[in-house]
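Enquirer: Residue numbers (this note's numbering), protein chains in the order written: chain A, -15 to 322; chain B, 713 to 1037; chain C, 889 to 1393; chain D, 5 to 302. All residues carry an ideal CB built from backbone N, CA and C; glycine is no exception. One structure is given below, represented as structure tokens, and several questions about it will come after.
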Amino acid sequence: MSRLNTAALTKAMPQLLSLMLILFLNYLAFPGFFEIRLQDGRLFGSLIDVLNRGAPVIILAIGMTAVIASRGVDLSVGAVMAISGALAATMTVSGYPVPIVILAALGAGLLCGLWNGILVAYFDLQPIVATLILMVAGRGIAQLITEGSIVTFNEPGLIFFGTGSFAGIPMPILIAALLLTLAIAVVRRTALGLLIESIGINRSASSYAGLNSKLLLLVIYAFCGVCAALAGIIIAADIRGADANNAGLWLELDAILAVVVGGTSLFGGRFSILMSALGAVIIQAMNTGILLSGFPPEYNLILKALVIIVILLAQSFSSLGGWAFLKGEFRSKGANRQ
Amino acid sequence: MNTRVLPLYATLLICIIAYAACVFQFPAMFSTRVAGNLLTDNAFLGIAAVGMTFVILSGGIDLSVGSVIAFTGVLLAVLITRYGVHPLIAFAIALLITTVFGAGMGAIIHYLEVPAFIVTLAGMFLARGLCFVMTTDSIPIDHEFYAMLQGLFYRLPGGGRLTFIGLLMMVVFIIGIVMAHFSKFGSYVYAVGGNRTSAELMGVPVARTTIGIYAMSGFLSGLAGIVFSLYTSAGYSLAAVGVELDTIAAVVIGGTLLTGGVGYVAGTFIGVIIQGIIQTYIVFDGTLSSWWTKIVVGVLLFSFIALQRILVFLSLKRTTATSGG
Amino acid sequence: MTDKPGLLTVEGICKSFIGFKALDGVDFTVRSGEIHALLGENGAGKSTLIKVLTGVHQPDSGVIKIDGQAVNVRDTQHAQNLGIGTVYQEVNLLPNMSVADNLFIGRQPMRFGFVNRKLMEERARELLAQYDLHLDVASDLSRYSVAVQQLVAIARAVDMSGRVLVLDEPTASLDRHETEILFAILRQLRARGLGIVFITHFLDQVYEICDRVTILRNGKLAGCALTAELPKIELVSLMLGRTLAIATHNTRRDRPVPAIRQFSFKGLGRSRSIAPFDLDIGEGEVIGMAGLLGSGRTETAKILFGIETADTGHVHIDGNPALIRTPQAAVACGFGLCPEDRKSDGIIGDLSVRENISLALQAQRGWFNRLSGREQTVLADKFVKALDIRTTDIEKPVKFLSGGNQQKVILARWLATNPRFLILDEPTRGIDVGAHAEIIALINRLCDDGMALLVISSEIEEIVAYSTRVVVLRDRAHRGELSGDEITASNILGMIAAEPEGASA
Amino acid sequence: ADLTVGFSQIGSESGWRAAETSVSKIEAKKRGIDLKIADAQQKQENQIKAIRGFIAQGVDAIFIAPVVATGWDTVLAEAKEAKIPVILLDRTIETTNDDLYLTAVTSDTVHEGKVAGEWLAKAVAGKDCKVVELQGTVGSSPAINRKKGFEEGIASASNIKITRSQTGDFTRSKGKEVMEGFLKAESGGKNICALYAHNDDMAVGAIQAIKEAGLKPGKDILVVSVDAVPDIFTAMSEGEANATVELTPNMAGPAFDALKAFKDSGKAPPKWIQTESKLYTQADDPKKVYEEKKGLGY
Ligand SMILES: Nc1ncnc2c1ncn2[C@@H]1O[C@H](COP(=O)(O)OP(=O)(O)OP(=O)(O)O)[C@@H](O)[C@H]1O
Ligand SMILES: Nc1ncnc2c1ncn2[C@@H]1O[C@H](COP(=O)(O)OP(=O)(O)OP(=O)(O)O)[C@@H](O)[C@H]1O
Ligand SMILES: [Mg+2]
Ligand SMILES: [Mg+2]
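Structure below.
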């Protein structure tokens, strides 16, 4: 068991090192980075911000991991977020109770996911195209719901999902953590993990082995849609309003980036949901660091590009056997010294 | 008939039907003006899409296209207006930089085995970020050479214009088609997209090809940037946001598979024109709100793809039936 | 043994994959004008040696000499430039490109700086005509069966080899006719002074055409001799490190044909792929299916297993009607299928041996009824032992196994589901003599246990050895059935050849 | 309708923009004008296509809300050739030839920033004040100009300093996120005396962040922003925001009037019709303004 853990740890090495490096740079940019205090019964600090702001992307990344592992991609998550947020806000304003609102918003995400899934699994459209359709039209649907304006609401029950806290922990973090544990448990305790990897690596062979790959794909995309809807609810609740124009804009790229930084290949196959979440945290830590650094915003994108390149270099260095090489070097040097 | 070209014919057929349907609703759409506009307005998109076709044929993707277009525009504006460089020299500098930029991405993709999606995403951030660093203002370019190029057009009967940039796009497409089907490089691109390992085992120079593909995409993005700057006579750091998705959509509507190895450059041209028709239709309609515009674009996109699949399916069935007897 | 100079020589080649020594100090020489067989069990290191020779892998140590000059083969392109043409074990071609492109990529005829397609296609037609293949060279390679693809790969390699031709199991999916053609060409090349390396598991072919043999065992050199001086028994024991009684004569046919046929397929057919056919099969029966390439055997299997849906006909199992339109439905009825194309339809390359073996059983048990890691390990261990799958451990990604061992993994996957009706499409393709005998024994054992088997094979002797009945196909239709004493090689051949020109049209 | 006008709108990236579109429709209806709106989804190339499309359709006039100041000369020259008058809304363009358009109905975005800055200078009245700034989208002209104007407005007050400035992309959620960062970086917000946001949406997001940090927006941290969308008036009425500078969504109304006058009498309007940049503070009965603005489609 412990050998397995160390193996997993070495595999996660580039990501963990990247995270540590970014956190350290953040600390240099802002010495109070690691301070955490209690504010109105809620944890408060930059580190908490990283997790809190990262929560929607973590949630997206969980769904996206499954999609990417099945050798697909879902470009529509940002638009689905906007739809679910818009629906939640307008329904709340029209006076529906919170549980119904949440269910409806999640249901909308499910429908979107099913639509994508049907196009991919049953109509055999390429995932990127299939989801591009909803990416374009979905935001339009969200705007149609809000009629282009920001729908503001004041329902404490819904707002709680964005800014509330439980035992001092902000709700978004809690929800993300919960979903993460749940998703990992489902993947580990059922055969889904293996089967998803299997269709991602070789769909034809999986079908020959008697696997219902179409249904599985449908479920994967539906799940991704629900995750996106959840993230959409959180974002809307956070700003107490649904901004159909901007909610989740370009977040699909962040989610994909998180998954890839987490080490899942865009060509499908082996995946780790936990590592994707770690990837999302790395990205958010970088974003927060840029905000804290005080650099003029003109440099944001360049900083982001450089960080991504550094992480990728570290990753490919290790996947090309760089660490083993270094370790070998190190060991033989150590041996020389003795 | 070779089944590989079916999507191409299907797309062409759809394009013609779509245009006919538009003309039926708005007779004014049947004019040389609209036809000329389709070429001029989509020139930069088309040029970038040729590069994207090669990238996608090789099984990759290039997300940096839009940013590189903006970068080129800003660079040209800065060079020409601030440093007084002659546009032709500025063009050469810009093309050199974007080509090297593309080649660099290709090298990272090949040698470090990082997915193209991520490398070009970083490239997208980098190019856009460099725009901001050069200037956040939009800079107008006022130069007689620009005016001369913009004044170059052939007036079609009926008031339409066949502009220089529209023609340039056509030329790029023709070169692209010839390269894809009648050059060794083209066959290598298809080979790498078909199966990289096999290509390697068959002795295809995969490294050179990959770097070449992204260099070419960089070059064409740069050229698209030049065209865009001619189109708007300005450099603006927020220009061409999301153009990469438009080009990808054009390539895919044109029947190229994102998995690589299958598709035609000519199909991309039709893809670009179809997108142009959608845009023109929406303008002619003029009643669509922002959100209905998005929804309609999505629905049309879906119908095109669905129709394409149905047509391919039907004709496959027909050829099956005849040769099966 | 030094009468002729070594054209291609390797000395002391070592190659390790993460903690596993695939080649250990191997010496090997091919001379000009000889056909040299490279033999060994599955996983012995034959393909690895080829890959080292042709620049796919870099050796850890050892030298490669061409014409006595030490060279460092950088990559496959370099190898080609050195005049080495190669067909690798898994057909490595580009299914998305035309047949002509596949034959000439990288060396297309040019005119005015452009590829001269017309000339290229003409040359492609000429080239393939030598192999009695008359294809539409402008259409996609993916349209053609594995066997055709293999011939194309061979034609390409032969055309490119200036000095050395390397063929890694080229005949695995070829039938007699194609093999004859290939051999004729090899003889011509030998006469022209080429050195030819030939890997195969068909020992008869070794004796038919090879001048010398080199034998590998567990990555080490086990012996090298002139074919004529090495009796078959000795050769086999060199390969396996033990002696093996090769049983070819039949035991099955003596069994009474079962009275009850549990699986009954009536009038199943699909336009363009296979004419409607009837098939009944009962527990304990082995039906052999023989036919030429493209005669529709694989299509039959696909329809039986629900991969392709039949346009006509119906299925009865135990007398009850059944609807089989998907593999899941077939699996639910207790069917299993080992596909012909193991690379694209069989293995899940990145998954481990353990996971590959558990996959079908897992799919059968459903998504939520997970086989635990321990159960999977037990299962995998059991079959690794039972089928003698050579792997360092069961966690190894299956793509790193040798070809024959991959085949066994897929067989294990289906045996794990304990099927009632198992279809094997070319099960012995690429499997060594030892394993071959084991698989035939296994087939016999399985039907003793009451399993119904349908075996598709291009090896007539093999079919004769284990079948209770034989179905013969020609031109995508079931043409006849043999049973009991009618099952002889010559009878089968006679039925196949009734209309010999039809198949390659 | 006696007049057909093609309007190339940028998109609907914000509530304000949606309001401008809906107000334009209302104003057109009032005057019996047939208004064709083409939505450019934030892209200049789409706007150019739309203008070309309008020319091909032969509309009577073209309105443009240009997404960026440069790059219009060629297409406007085509419109001129087709004798279609062009009116610019809410932003003017940079061109070598002013004849290419009839008039521009815009606010002065630099002026807006200046009004905000001057208000702040007056409000702190000589006390030391560290300001954090939430910029609009990097590179967009309102962001550049509102920054510039604000700096002009506080230029004479040496006690006011901008200590941090980051982009919030004109959105609520980014405004909130960036403000959270500012608060942390400036020791929990104790060092911040005022917030200047380039639009109200970012200010609304930032106000929430301030509250969550345990501070009182409007008191501990003064909040001043631009646009005057309804939600900021709610905040003002609760004392959580201090001032906003109005950018009226009614640009089309004056434009229609100018066009009518031009068509009827051939009288060319002035080249620039500037809309008012009105300052609203808590003293202006924000509740009432909110009710007025609510129905305009923000
Ligand atoms: N890339 C690799 N990584 C790890 N192990 C490998 C790799 N390639 C081959 N091997 C191992 O090396 C050994 C030799 O394999 P090789 O393919 O050379 O066998 P072979 O003699 O060709 O067998 P077959 O007759 O089944 O084709 C096998 O045990 C295989 O598992
Ligand atoms: N010699 C050939 N010439 C042309 N086409 C061929 C040839 N051999 C096979 N094909 C094509 O390959 C397809 C595959 O047929 P199928 O797989 O059913 O054959 P099979 O009997 O299983 O033969 P095998 O599996 O040995 O190739 C056929 O539909 C046929 O079109
Ligand atoms: Mg082998
Ligand atoms: Mg077959």
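State yes or no: is the C-beta of Ile218/A within less than 7 Å of the C-beta of Ile125/A?
Expert: Taking the first residue of the first sequence as position 1, residue 218/A is located at position 234. Taking the first residue of the first sequence as position 1, residue 125/A is located at position 141. Cβ distance not < 7 Å, so Ile218/A and Ile125/A don't count as in contact.
Enquirer: Taking the straight line between their C-alpha atoms, what separation do you get for Glu1374/C and Ala1385/C?
Expert: Within the third sequence, the letter at position 486 stands for residue 1374/C. Within the third sequence, the letter at position 497 stands for residue 1385/C. Distance between the alpha carbons of Glu1374/C and Ala1385/C: 16 Å.
Enquirer: Taking Phe931/B as the reference, give the member of Val762/B, Ala733/B, Thr752/B with the closest Cα.
Expert: Translated into the one-based positions of the second sequence, residue 931/B becomes position 219. Considering only alpha carbons, the answer is Val762/B.
Enquirer: Using 10 angstroms around the beta-carbon of Leu87/A, count the other beta-carbons present and answer buried if the total reaches 16, otherwise exposed.
Expert: In the first sequence, the residue the question calls residue 87/A occupies position 103. By the neighbour-count rule (16 or more Cβ atoms within 10 Å), Leu87/A is not buried but exposed.
Enquirer: Looking at chain D, which residues of the stretch 236 to 249 of chain A have a Cβ within less than 7 Å of any of its Cβ atoms?
Expert: So nothing in the stretch comes that close.
Enquirer: To which residues does DSSP link Asn254/D through a beta bridge?
Expert: Translated into positions along the fourth sequence, residue 254/D becomes position 250. DSSP output for Asn254/D lists no bridge partner at all.
Enquirer: Spatial neighbours of Ser260/A within its chain, please: CB distance less than 6 Å, with the 5 preceding and 5 following residues excluded, ordered by chain position.
Expert: Numbered from 1 along the first sequence, position 276 holds the residue referred to as residue 260/A. Result list for Ser260/A: Ala45, Thr49, Ala242, Val243, Gly246, in chain order.
Enquirer: Which same chain residues end up closer than 6 Å to Ala108/D when comparing Cβ atoms and leaving out the 5 residues on each side of it in sequence?
Expert: Position 104 of the fourth sequence holds residue 108/D. Around Ala108/D: Leu92, Thr96, Trp276.
Enquirer: Does Gly93/A come within less than 7 Å of chain B when only Cβ atoms are used?
Expert: Within the first sequence, residue 93/A is the residue found at index 109, counting from 1. For Gly93/A, the answer is no, since every Cβ of chain B falls outside 7 Å of its Cβ.
Enquirer: Could you give the C-beta distance for Lys1231/C and Glu978/C, rounded to a whole number, given that I count them as a contact under 8 Å?
Expert: Counting from one through the third sequence, the residue named residue 1231/C turns up at place 343. Counting from one through the third sequence, the residue named residue 978/C turns up at place 90. 5 Å between Cβ atoms; contact.
Enquirer: Is it the case that the Cβ atoms of Val975/C and Ile1069/C are separated by a distance below 7 Å?
Expert: Counting from 1 along the third sequence, the entry for residue 975/C is found at position 87. Counting from 1 along the third sequence, the entry for residue 1069/C is found at position 181. No; because the gap between Cβ atoms is not below 7 Å, this pair is not in contact.
Enquirer: Output the distance between the C-alpha atoms of Leu969/B and Met764/B, rounded to the nearest integer angstrom.
Expert: To locate residue 969/B, count along the second sequence from 1; it is residue 257. To locate residue 764/B, count along the second sequence from 1; it is residue 52. When rounded, the distance between both Cα atoms is 12 Å.
Enquirer: Mind listing which residues of the stretch 733 to 745 of chain B have their C-beta closer than 9 Å to chain D's C-betas, in chain order?
Expert: Those would be Phe738, Ala740, Met741, Ser743, Arg745, in chain order.
Enquirer: Applying the 10 Å Cβ sphere with the 16-neighbour rule, what's the burial state of Glu1057/C?
Expert: In the third sequence, the residue the question calls residue 1057/C occupies position 169. When all chains shown are included, Glu1057/C counts as buried.
Enquirer: Say whether chain D places a C-beta atom closer than 7 Å to the C-beta of Arg123/A.
Expert: Taking the first sequence and counting its residues from 1, one reaches residue 123/A at position 139. It does not: the Cβ of Arg123/A has no partner Cβ on chain D nearer than 7 Å.
Enquirer: What three-state label does DSSP hand Lys118/D in the structure shown?
Expert: Translated into positions along the fourth sequence, residue 118/D becomes position 114. Here Lys118/D sits in helix by DSSP.
Enquirer: Can you grab the Cα-Cα spacing for the pair Thr1294/C / Ile1235/C, in whole Å?
Expert: In the third sequence, residue 1294/C corresponds to position 406, counting from 1. In the third sequence, residue 1235/C corresponds to position 347, counting from 1. Going by the sequence as given, residue 1294/C is Gln instead of Thr. Answer to the nearest angstrom: the Cα atoms are 7 Å apart.
Enquirer: Measure the alpha-carbon distance for Met255/D versus Val82/A and round it to whole angstroms.
Expert: Here residue 255/D corresponds to residue number 251 of the fourth sequence, with the count starting at 1. Here residue 82/A corresponds to residue number 98 of the first sequence, with the count starting at 1. Going from the Cα of Met255/D to the Cα of Val82/A covers about 39 Å.
Enquirer: Taking only the alpha-carbon atoms, compute the straight-line gap between Arg134/A and Gly301/D and give it to the nearest angstrom.
Expert: Here residue 134/A corresponds to residue number 150 of the first sequence, with the count starting at 1. Here residue 301/D corresponds to residue number 297 of the fourth sequence, with the count starting at 1. Position check: residue 134/A holds Ile in this sequence, whereas Arg was assumed. One C-alpha to the other measures close to 10 Å.
Enquirer: In angstroms, rounded to a whole number, what distance separates the CA positions of Asp108/A and Arg168/D?
Expert: Reading the first sequence from its first residue, position 124 is the one you call residue 108/A. Reading the fourth sequence from its first residue, position 164 is the one you call residue 168/D. Approximately 51 Å, taken between the alpha carbons.
Enquirer: Is there a Cβ of chain B sitting closer than 7 Å to that of Glu98/D, yes or no?
Expert: Indexing the fourth sequence from 1 puts residue 98/D at position 94. Chain B, which has a Cβ nearer than 7 Å to the Cβ of Glu98/D, makes this yes.
Enquirer: Here's a check: name, in chain order, each residue in its chain whose Cβ is nearer than 6 Å to the Cβ of Arg55/A, leaving out the five neighbours to either side.
Expert: For the purposes of this step, residue 55/A is identified with residue 71 of the first sequence, where counting begins at 1. Gly184, Gly252, listed in sequence order.
Enquirer: Ligand 3 and Ser1061/C: does any heavy atom of the ligand fall closer than 6 Å to the residue's C-beta?
Expert: Residue numbering aside, residue 1061/C sits at position 173 when the third sequence is read from its first letter. Ser1061/C Cβ: outside cutoff for every heavy atom of ligand 3.
Enquirer: So that I know if they touch, is there some Cβ in chain B lying closer than 7 Å to that of Leu981/C?
Expert: Translated into the one-based positions of the third sequence, residue 981/C becomes position 93. Closer than 7 Å: yes.
Enquirer: Could you name the residues of chain B that Tyr976/C contacts, counting a contact when the two beta carbons are closer than 8 Å?
Expert: Here residue 976/C is taken as the residue at index 88 of the third sequence, counted from 1. Near Tyr976/C (Cβ distances below 8 Å), the residues of chain B are Leu913.
Enquirer: Look at the Cβ atom of Leu251/D, then the Cβ atom of Ser111/D, and state whether they are nearer than 7 Å.
Expert: Counting from one through the fourth sequence, the residue named residue 251/D turns up at place 247. Counting from one through the fourth sequence, the residue named residue 111/D turns up at place 107. Contact: yes.
Enquirer: Which residues in the same chain have their Cβ closer than 6 Å to the Cβ of Thr917/C, if we skip the five residues on either side of it in sequence?
Expert: Taking the first residue of the third sequence as position 1, residue 917/C is located at position 29. Gly894, Thr897.
Enquirer: Name the one or two DSSP bridge partners that His1204/C has.
Expert: As a working mapping, residue 1204/C is identified with position 316 in the third sequence. Answer is Ser1152/C, Pro1209/C.
Enquirer: Check the C-beta distance from Val959/C over to Ile952/C and give it rounded, since I have them as a contact under 8 Å.
Expert: As a first step, residue 959/C is located in the third sequence; it is residue number 71 there, counting from the start. As a first step, residue 952/C is located in the third sequence; it is residue number 64 there, counting from the start. Right, their Cβ atoms sit about 6 Å apart.
Enquirer: What's the call for Leu1167/C, buried or exposed, on a 16-neighbour Cβ count within 10 Å?
Expert: Working through the third sequence from its first residue, we reach residue 1167/C at position 279. Buried, because 16 or more other Cβ atoms sit within 10 Å of the Cβ of Leu1167/C.
Enquirer: Quick one: what's Ser229/D bridged to in DSSP?
Expert: On the fourth sequence, position 225 is the one that residue 229/D refers to. Answer by DSSP bridge pairing, in chain order: Ala201/D, Thr248/D.
Enquirer: Can you say whether Phe18/A is buried or exposed, counting buried as having 16 or more other CB atoms within 10 angstroms of its CB?
Expert: Along the first sequence, one-based indexing puts residue 18/A at 34. It is exposed - the Cβ of Phe18/A has fewer than 16 other Cβ atoms within 10 Å.
Enquirer: Specify whether the stretch 1324 to 1331 of chain C and the stretch 1247 to 1266 of chain C touch according to this definition: at least 3 beta carbon pairs, one from each stretch, less than 8 Å apart.
Expert: No: fewer than three Cβ pairs fall under 8 Å.
Enquirer: In angstroms, rounded to a whole number, what distance separates the CA positions of Ser191/A and Asp94/D?
Expert: To locate residue 191/A, count along the first sequence from 1; it is residue 207. To locate residue 94/D, count along the fourth sequence from 1; it is residue 90. Roughly 59 Å between the two C-alpha positions.
Enquirer: Leaving aside the five residues before and after Gly1083/C along the sequence, list all residues of the same chain whose C-beta is less than 8 Å from its C-beta, in chain order.
Expert: Against the third sequence, residue 1083/C aligns to sequence position 195. Correct list, in chain order: Leu895, Leu896, Val918, Arg919, Ser920, Gly921, Glu922, His924, Arg1051, Val1052, Leu1053.
Enquirer: Measure the beta-carbon distance from Ala23/D to Pro253/D and round it to whole angstroms, keeping in mind my assumption that it falls under 8 Å.
Expert: Start at 1 with the first residue of the fourth sequence, and residue 23/D comes out as number 19. Start at 1 with the first residue of the fourth sequence, and residue 253/D comes out as number 249. Correct: roughly 4 Å between the Cβ atoms.
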